[in-house]
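Chains A and B are the protein sequences, given in the same order. Its first residue numbered 0, the first sequence is counted upward by one per residue in numbering that gives the first Met the number 0. Its first residue numbered 0, the second sequence is counted upward by one per residue in numbering that gives the first Met the number 0. Let me begin by presenting the structure, written as structure tokens, before commenting on it.
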Amino acid sequence: MMVTRRNSICFVFAAILMWLGPGLITLPVAQVILTGDKIKAIKRHGPWPPVFEEDPSNRVSGSALAVEFGRKLFLDPSLSRDGDVACVTCHLPEKGWSDGQETSKGISQLDRNSQSLYNVRNNRWYGLDGRTDSLWAHSIGPMLDEREMGTSPEAIASALAQDAEYSRMYEQVYGEPPDVSDPQAVMVNAAKAIAAFQETIVSWRTPFDDFRDALANGDMEAAGTYPQDAQRGARIFFGKGNCSLCHSGPMFTNGEFADAGMGYFVRPGEVDTGRHGGIEKLRASPFNLSGKFNDNPEQASDWATRQVALHPKTFGEFKIPPLRELTQTAPYMHDGSLATLEDVVRHYSEIDEERLHADGENILRPLKLSEQEIADLVAFLESLSSF
Amino acid sequence: MSRKIKVALVASALLFACSASATAMCGSGLAMTAESETNYEVSMDAGGEKISTGEPLSVDVAICSNDDVVVDRFKLDATMPAHGHGMNYVPEIKEQGKNQYTASGLFLHMPGKWRFEVSFSADGKTHRFFRDVDIE
Numbered sequence: 000m001m002v003t004r005r006n007s008i009c010f011v012f013a014a015i016l017m018w019l020g021p022g023l024i025t026l027p028v029a030q031v032i033l034t035g036d037k038i039k040a041i042k043r044h045g046p047w048p049p050v051f052e053e054d055p056s057n058r059v060s061g062s063a064l065a066v067e068f069g070r071k072l073f074l075d076p077s078l079s080r081d082g083d084v085a086c087v088t089c090h091l092p093e094k095g096w097s098d099g100q101e102t103s104k105g106i107s108q109l110d111r112n113s114q115s116l117y118n119v120r121n122n123r124w125y126g127l128d129g130r131t132d133s134l135w136a137h138s139i140g141p142m143l144d145e146r147e148m149g150t151s152p153e154a155i156a157s158a159l160a161q162d163a164e165y166s167r168m169y170e171q172v173y174g175e176p177p178d179v180s181d182p183q184a185v186m187v188n189a190a191k192a193i194a195a196f197q198e199t200i201v202s203w204r205t206p207f208d209d210f211r212d213a214l215a216n217g218d219m220e221a222a223g224t225y226p227q228d229a230q231r232g233a234r235i236f237f238g239k240g241n242c243s244l245c246h247s248g249p250m251f252t253n254g255e256f257a258d259a260g261m262g263y264f265v266r267p268g269e270v271d272t273g274r275h276g277g278i279e280k281l282r283a284s285p286f287n288l289s290g291k292f293n294d295n296p297e298q299a300s301d302w303a304t305r306q307v308a309l310h311p312k313t314f315g316e317f318k319i320p321p322l323r324e325l326t327q328t329a330p331y332m333h334d335g336s337l338a339t340l341e342d343v344v345r346h347y348s349e350i351d352e353e354r355l356h357a358d359g360e361n362i363l364r365p366l367k368l369s370e371q372e373i374a375d376l377v378a379f380l381e382s383l384s385s386f
Numbered sequence: 000m001s002r003k004i005k006v007a008l009v010a011s012a013l014l015f016a017c018s019a020s021a022t023a024m025c026g027s028g029l030a031m032t033a034e035s036e037t038n039y040e041v042s043m044d045a046g047g048e049k050i051s052t053g054e055p056l057s058v059d060v061a062i063c064s065n066d067d068v069v070v071d072r073f074k075l076d077a078t079m080p081a082h083g084h085g086m087n088y089v090p091e092i093k094e095q096g097k098n099q100y101t102a103s104g105l106f107l108h109m110p111g112k113w114r115f116e117v118s119f120s121a122d123g124k125t126h127r128f129f130r131d132v133d134i135e
């Protein structure tokens with residue numbers, strides 16, 4: 000084999016480098032491709048996790064005894080009318096606390112997709128239509144809904160009073176056994192314990208959080224290790240995609256409602272009124288924060304309930320979902336009609352403006368993303384999940 | 000008159016002018032712009048805090064005039080002109096004194112340019128003012 004002079008020099012140079020050690024060999028530097036306003040916007044999407052704050056409307060919020068009592072109730076199907084549906088039926092831990100179905104099934108088939116319970120304590124409104132204003136009030140709904148658990152305050156109070164273990168736990172949490180003569184109060188207390196349990200369901204830190212914190216700390220070397228495709232996706236998310244206008248803050252939602260151009264019909268001749276119907280239900284509910292079951296004596300937390308506006312545009316609007324742990328919670332949208340994150344991105348990329356409210360948000364326009372951009376945006380969304 | 004005394008007199012006059020001007024200011028916050036010719040000045044004050052998204056907000060509004068007129072039918076709203084929408088909540092208005100109001104429960108749910116709009120009736124006319132604020 001001929002060894003040229005140039006090759007000899009290369010071998011010698013390589014040998015010297017190997018001898019000196021890898022510390023002298025500089026690999027291509029990982030780079031942060033985002034700048035200015037986008038970095039500023041990214042910083043506003045953290046830190047994570049948020050500090051736990053007790054719910055002032057729920058006097059057992061944060062109580063360890065209530066959490067354990069609530070966990071037991073959450074898992075127990077015997078409280079349902081037919082004894083085979085529990086909260087966990089539609090909120091499975093292994094499915095990101097949703098159920099993996101397009102639309103959920105309790106006692107009978109429902110019309111909406113089950114929402115993940117990750118970080119559920121951080122909401123202002125609950126349910127895809129925001130029909131409730133507290134986690135405990137929202138926990139009552141499925142118990143009483145004929146299509147979900149189909150039970151009643153009387154049945155719940157009776158079940159808790161007759162079961163020795165439940166009765167003991169109830170007394171430990173509330174200082175007295177369940178009073179069957181006031182079944183509504185017993186049911187609300189059960190719901191408050193279930194809410195205390197759900198408050199503990201918090202998602203983990205994600206690659207995005209490491210990226211965000213590195214940017215916040217000015218550690219561009221660490222930030223540069225965040226994958227380049229996710230960074231390109233972030234550039235779309237916080238830029239021309241306008242995604243961060245609605246998916247803002249550490250939860251990646253502003254907690255409000257929007258028309259995302261999805262269908263309104265649940266079956267021929269029947270529409271899902273979304274937020275409009277949700278506000279009507281909220282106002283009619285005896286369990287809203289303006290009512291007597293709010294444990295906050297000043298009821299300061301009920302400002303949104305008192306002041307929410309029933310605009311015509313709320314018809315067909317649905318909750319803007321948080322985006323953390325998305326990879327575990329397919330399918331997507333209020334009706335579960337989009338199977339993958341790529342389908343969701345393609346929906347917004349080609350959104351049908353004819354389906355949007357004329358008086359709604361003037362934000363959504365077809366993005367006409369390239370295949371590379373779609374892949375990048377999906378990579379970014381995946382980085383909001385911990386695994 | 001010595002040069003030092005002249006300087007002191009000029010400084011005193013300037014101080015007086017400045018303090019008189021501050022007293023005449025309408026409210027302590029951001030001046031709002033009238034949509035058409037008016038004898039009124041309006042200012043809005045969000046408590047000196049930086050206005051941001053995601054938190055309910057209260058705004059104090061002062062309406063000033065050289066005339067001894069009491070205004071009525073006061074309204075305050077906030078919209079995002081570029082997006083074609085307003086707030087999802089109706090502000091609660093409380094009168095705090097003559098021609099002074101507090102609007103609470105405002106909730107700006109998106110970052111971007113918000114337009115605060117005030118209107119009231121006086122002298123048989125409706126007066127409208129606005130102020131644009133960039134919210135992060």
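Note that beta-carbon positions come from the ideal geometry of N, C-alpha and C, so glycine has one too.
- For Arg120(A), there is no enclosing beta strand (DSSP E), as DSSP gives it neither H nor E.
- Contact annotation: Pro321(A) and Ser103(A) have beta-carbon atoms that are not nearer than 9 Å.
- Of the other Cβ atoms in all chains shown, fewer than 16 fall within 10 Å of the Cβ of Asp67(B); this residue is therefore exposed.
- Taking a Cβ-Cβ threshold of 9 Å, the residues of chain A close to Gly53(B) are Ser247, Gly248, Asn253 and Gly254, in chain order.
- DSSP, read as helix, strand or coil, puts Trp135(A) in helix.
- Under the three-state reduction of DSSP output, Leu322(A) falls in the coil class, being neither helix nor strand.
- Counting along the chain, His126(B) sits inside the beta strand (DSSP E) bounded by residues Lys124 to Ile134.
- Under the three-state reduction of DSSP, Lys97(B) is assigned to coil, being neither helix nor strand.
- Under the 8 Å Cβ criterion, the stretch 148 to 167 of chain A does not count as touching the stretch 201 to 211 of chain A, having fewer than three qualifying pairs.
- In the DSSP secondary-structure assignment, Ile92(B) is bridged to Ala102(B).
- As a beta-bridge residue in DSSP terms, Gln108(A) pairs with Lys104(A).
- With respect to chain B, the C-beta atom of Leu244(A) has a partner C-beta closer than 9 Å.
- For Gly85(B), DSSP records a beta bridge to Thr78(B).
- Put simply, the CB of Ile200(A) is far from chain B, with every gap to its CB atoms at 9 Å or more.
- The beta carbon of Thr150(A) lies closer than 8 Å to those of Leu78, Ser79, Arg80, Met142 and Leu143 in the same chain, with the five residues before and after it left out.
- The count of Cβ pairs closer than 8 Å, one atom from the stretch 55 to 65 of chain A and one from the stretch 293 to 302 of chain A, reaches three, so the stretches are in contact.
- By the Cβ test, the stretch 24 to 37 of chain B is not in contact with the stretch 129 to 142 of chain A, since fewer than three Cβ pairs between them sit closer than 8 Å.
- Looking at the DSSP output, Ile62(B) shares a beta bridge with Val41(B).
- Beta-bridge analysis with DSSP links Leu64(A) to no other residue.
- Distances from the CA of Lys124(B) to each of Ser27(B), Thr37(B), Leu29(B) and Gly26(B) were compared; the closest alpha carbon is that of Thr37(B).
- Separation of the CB atoms of Val172(A) and Leu64(A) is rounded to 5 Å, and the pair is thereby assigned contact status at 8 Å.
- Within the stretch 71 to 95 of chain B, the residues whose Cβ lies closer than 9 Å to some Cβ of chain A are Met79, Ala81, His82, Gly83, His84, Gly85, Met86, Asn87, Tyr88, Val89, Pro90 and Glu91, listed in chain order.
- Per DSSP, Ser118(B) is one residue of the beta strand (DSSP E) stretching across Gly111 to Ala121.
- Of all residues in the stretch 102 to 122 of chain B, only Ser103, Gly104, Phe106, His108, Met109, Pro110 and Gly111 come within less than 8 Å of chain A when Cβ atoms are compared, listed by chain position.
- In this chain, Phe251(A) is not harboured by any alpha helix (DSSP H), its DSSP state being neither H nor E.
- With 16 or more other CB atoms across the displayed protein chains lying within 10 angstroms of its CB, Val343(A) is buried.
- Rounded to the nearest angstrom, the gap between the Cα atoms of Ser247(A) and Arg146(A) is 33 Å.
- The continuous alpha helix (DSSP H) containing Phe207(A) extends over residues Pro206 to Ala215.
- DSSP places Tyr165(A) in the helix class (H, G or I) of the three-state scheme.
- Put simply, of Gly26(B), Asp133(B) and His126(B) the residue whose alpha carbon is nearest the alpha carbon of Lys74(B) is His126(B).
- Chain-order list of chain B residues neighbouring Val307(A): Asn87, Tyr88 and Val89, by C-beta distance under 9 Å.
- Straight across, the Cα-Cα distance linking Glu116(B) with His310(A) is about 18 Å.
- A straight-line Cα-Cα distance of about 29 Å links Gln306(A) and Thr199(A).
- In the DSSP secondary-structure assignment, Asp258(A) is not bridged to any residue.
- Counted as a single uninterrupted DSSP element, the beta strand (DSSP E) harbouring Phe264(A) occupies residues Phe264 to Arg266.
- In chain order, Tyr88 make up the part of chain B whose C-beta sits under 7 Å from the C-beta of Ala303(A).
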